[in-house]
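Going down the list, the sequences are from chains A and B. Quick note on numbering: the first sequence equals residues 151 to 525 in the working numbering. Quick note on numbering: the second sequence equals residues 861 to 1472 in the working numbering. Note that beta-carbon positions come from the ideal geometry of N, C-alpha and C, so glycine has one too. These figures come from a predicted structure and were not determined experimentally. Have a look at the structure below, then the notes.
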Amino acid sequence: MEIPLYEPKSSHSWLQRLHIDLPLLFGLLLLSCVAFVVLFSAGGQKIDIVLRQAGRLGLATGIMVAIAQIHPRHIRLYSPPLYLLGVVLLAAVHIFGETSLGATRWLNLGVVRFQPSEMVKLTMPMMIAWFLASQPMPPTLRHVSVAGILIIVPALLIAKQPDLGTAFLVFTSGWAVLFLSGLSWTTILVLAVLGGSLLPVLWHFMHGYQRDRVLMFLNPESDPLGRGYHIIQSKIAIGSGGVFGKGWLNGSQSHLDFLPEPSTDFVFAVLAEEFGLLGCLGLLAIYLFILARCFYIVVQTQDKYSRLLSGALTLTFFVYVFVNTGMVIGILPVVGVPLPLISYGGTSMVTLLAGFGMLMSIQTHRKFQPPLESQ
Amino acid sequence: MNLDLNETDHFRENKVFINRIVACVLFINIATLGLVVRLVYLQVVGHAHYSNLAQDNRVKISPLPPTRGMIIDRNGDVLANNFPTYSLEVFLDQVADLDATLTELKKLLNLSEDEIDRFNTLRRRHKGFAAIPLRLQLSEEEIALFSVRMPHFPGVEIQRRMLRTYPYGELTAHVVGYVGRISEAELQNLDPSVYSGTYHIGKSGVEKAYEELLHGKAGYQEVETNVQGRPISVLGQTDPQPGTDLYLSLDIGLQKTAKDALRGYSGALVAIEPSSGHILAMVSNPSFDPNPFIQGISRTQFESLQNSPDRPLYDRVLRGIYPPGSTVKPFMALAGLEYGQITVGRRVNCPGFFRLPGSDHSYRDWKSGGHGGVDLRLAITQSCDVYFYQLALRLGIDRMNHYMRRFGFGEKTGIDIDGEKAGIYPSSEWKLKTRKQAWFPGETLIAGIGQGYVQATPLQMARAMAILANKGKVVEPRVVDHMQVPADTEEPFPLHKSEDIPIPPGDWRAVVDAMIDVVHSPRGTAKGIAGGLTYHIAGKTGTAQVFSVRQDQVYKRMKVTAKLKDHAWFVAFAPAESPRIAIAVIAENGGHGGSIAAPMAKAVIQQYLKGR
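As structure tokens, this is what we get:
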């Protein structure tokens, strides 16, 4: 008896062949549209800022689609060498790196300047997922320790640049994998207590300006002329926006230069001032929609590597959103983390969309590849 | 069986994983809820409050710059002070058309291109709240001129400011230093909350070294303004933390005597209190008036200072490195005694030259006929070179290096002012490293009389004298005597703990007796200054040969005058029996130390000891 092959609905077929997940793509594009609207206002109403951002979006989308073509099997295979490459490049940054604004983050490859810490944001969860996927779940103490070392080394290298924000994100992406792999709650508790007791040590190694930021976060009003200025002005911008906002292009805080870095790290404040609470909730809704779709992909996964990687990428994406908005509204310290896909800048966009490319690959290959490829 | 186990495993893994996903979703929901609650708090509950604040940010935060600490000498004379002045400043956010305003003001007050340029650099760095100065010191007429037209210039105001002044001008230029406008590079490293509203920063000397303490911390004022941005009322104020007053150990009267003594010569004089290391006088001649630097010195004025062949900007005390010449001989004698290479009584015959064994090159004594038989005392009194050639050869360069370093040769003194040079005291290792060459025995001889590679600053010489006067107790020079440091600040220049030098009392006595003879014996090289002294000065003359000239300018000048004269040194401490002052003087191209440099030192010592 002939079993008929599974025929996907024709309207989806070209997207499936391109390995694109439509709901996810829709969410990301919606987010980018919001970004263009806000950036036009935040960047001093210059259309070229929007155009440049659109150009970057195009490039980053291309990379996302390209990565989506790679079978998760191959992504898994490439994880250790890519991780190693990342660590080597991080070490190279300390030796040959270029310094700008007091921090050494860039490697000059002749044609482009390249930030290895961005690459590690992806290779970190890939590596930890690769390592834990070959072990039984939940991981034993020995495996947890090995994974811990794999996480700590690049995180410390990045923290030394110094770039605490990225170091924290990289650290989180690694721990997200460990968490998803079923690390027991007691272990988590013990590690949290240990980590907490290490905070004074960390404080000791911080740079002066990093300490300032933490102190300023604890009490911004203590220093309205210096570091605290950013947070105070940001809060004024958001609060004065009210429920409905002052309207597009009418944010006085943002346009009178009171707000620091209105198109990058503090772009959320511009949105909050001009579009009010409703605008903020709308943005959060789009983020939640994307997250919901990601979780849908995560629970559909069949193999351990895919589920660990996709879960970690999803969780990290949320952490990005939370750390940035938390900073802008004054509930987290000021660390230089951009708002995903809204902030002006190309580097973080490429990294984020590359991550979504992996999620799409995991989703589309699982669903459609086996019936087409088997036998 | 096996399959079964795998099945259970798989099932359990799934369960754990789903559990974790649920935990993640829960976490995300709670965190998002937190964000929403905070947004509601800011945008709904706090809306009225923040709206008020945001109304064109009508509540202004304006910085209140602190008053810079004064610098005061040991007798209470003020060396660096502040005086009130009126400046013209621009609040950028209140000026509608900046270019037009500037053009108008330029016509009205005759602003120079320099002033406009400086304003534009400052403008680019400040955001929002700061007032940018256009001119720091307005004359009475300018104030009147502008006041009448003030309504035509919204956002431009006259502000009262404190400006630095140095009453003693060039007398204290090097040691006290001066403040100048904050440069772009300096701004990068400043904490904006401490420096907002401040336009000056210490550029050299004490002003630079103690910048943090002298400056203090800015306060701020929350001012409510009207629509034009003029202040209506003060809502709240945090007072600035004024800078700390610094009390120097310097004695301005002694400083003046020292400067007068050096008149006619390029050179330097340093006087130290041996017991504490406190600097009593510190003069580099020629000097310059620091006051024009405060408001930005004009290019031509600066270039004339910069290009002057006498180099008035150059601090010879800290940065002038000279061969110390014969002034090293007392220390060499101590080294010889320490390593058992000489005894106090042993005599050496000085025929006027010295030859290394197996070589026919003659190393000459300064006295061509020779000194005849000399013991240690006479060798120092008459500054016999042959005696010290022989001693150097016995010691060897590495032992000399080891011993001399303990007196601070080749090392920074650790004074509480930036920019001092370490000088050089060579060793065979040093030469191999820097010149890629082996050490020659002939170089040991030359080093033995303080020539060749040996180089020291006047400050190093004065300090070495102080250590000798202390019988080996090592001190670090300090310009600042005391200050009232706020409780939570660290001492800016903590003393380094250095090991004292154990000098046997007999050795010390022998060397110091010889140094007393330098001044008080009829055969001494500085016998000319002995008249009228009621106490003993222990001293040593020196002449530094100018065989290798480091500074082109000086070299050219000497060619012109055709006088390749040596630098004249004199180092001393007094009273010899209970030392209260140690001193080093160098007069460039002064010739003989005994006749030129020694009287300079005497003038300062006399004044200091007479005064107390």
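Beta strand (DSSP E) containing residue i: first to last residue?
i	result
E949(B)	938-951
D1258(B)	That residue, D1258(B), is in no beta strand (DSSP E); its alpha helix (DSSP H) goes 1257-1266.
G1232(B)	1232-1234
H224(A)	Unbroken run through H224(A) is the alpha helix (DSSP H), 222-246; no beta strand (DSSP E).
Should residue i be flagged as near chain A, meaning a C-beta pair shorter than 9 Å?
i	result
D933(B)	no
E873(B)	yes
Y910(B)	yes
A883(B)	yes
N1449(B)	no
I1275(B)	no
Q1019(B)	no
T1317(B)	no
I1042(B)	no
Could you tell me if residue i is buried or exposed, where buried requires 16 or more neighbouring beta carbons within 10 angstroms of its beta carbon?
i	result
T316(A)	buried
G929(B)	buried
R361(A)	exposed
I890(B)	exposed
P1100(B)	buried
R880(B)	buried
R1009(B)	exposed
F877(B)	buried
N1449(B)	buried
F425(A)	buried
W280(A)	buried
Y1395(B)	exposed
W353(A)	exposed
P1027(B)	exposed
I'd like to know whether the C-beta atoms of residue i and residue j end up nearer to each other than 9 Å.
i	j	result
P222(A)	S511(A)	yes
S1243(B)	K1400(B)	yes
A1131(B)	I1443(B)	yes
A1461(B)	A1121(B)	yes
D1341(B)	L1108(B)	yes
Y1249(B)	L1305(B)	yes
A1404(B)	D1426(B)	yes
V215(A)	L168(A)	yes
G1065(B)	I932(B)	no
P1183(B)	G1310(B)	yes
For chain B, find out if any of its Cβ atoms is closer than 9 Å to the Cβ of residue i; answer yes or no.
i	result
R457(A)	yes
I440(A)	no
I479(A)	yes
K196(A)	no
F139(A)	The requested residue 139(A) does not occur in the structure, where chain A is confined to residues 151 to 525.
V484(A)	no
L509(A)	no
A210(A)	no
F472(A)	yes
L427(A)	yes
I447(A)	no
K385(A)	yes
In the DSSP assignment, the alpha helix (DSSP H) including residue i goes from what residue to what residue?
i	result
E1336(B)	Element bounds for E1336(B): n/a, residue is neither H nor E.
E423(A)	417-450
F1300(B)	Neither: F1300(B) is in no alpha helix (DSSP H) and is coded neither H nor E.
I492(A)	From DSSP, I492(A) is part of no alpha helix (DSSP H); its letter is neither H nor E.
T466(A)	454-478
M1192(B)	1189-1198
Q1166(B)	1159-1167
Any Cβ of chain E within less than 9 Å of the Cβ of residue i?
i	result
F1353(B)	Absent here is chain E; the protein component of the structure consists of chains A and B.
Hey, is residue i close to the ligand GTP, as in C-beta under 8 Å from one of its heavy atoms?
i	result
D1377(B)	Among the components of this structure there are no ligands whatsoever, and the ligand GTP is therefore not found.
- Any 3 or more C-beta pairs closer than 8 Å across the stretch 1280-1287 of chain B and the stretch 1144-1154 of chain B: no
- Touching by the beta-carbon criterion (3+ pairs, under 8 Å), the stretch 1067-1075 of chain B and the stretch 1348-1366 of chain B: yes
- Item | Meets three-Cβ-pair contact criterion under 8 Å: the stretch 166-181 of chain A and the stretch 495-514 of chain A | yes
- Message: Taking contact to mean 3 or more Cβ pairs, one atom from each stretch, closer than 8 Å, check whether the stretch 210-228 of chain A and the stretch 441-448 of chain A are in contact.
- Response: no
- Message: Contact between the stretch 1356-1365 of chain B and the stretch 1223-1239 of chain B is defined here as three or more beta-carbon pairs at a separation below 8 Å; is this criterion met?
- Response: no
- Query: Is the number of C-beta pairs between the stretch 1229-1237 of chain B and the stretch 1320-1329 of chain B that are closer than 8 Å three or more?
  - Reply: no
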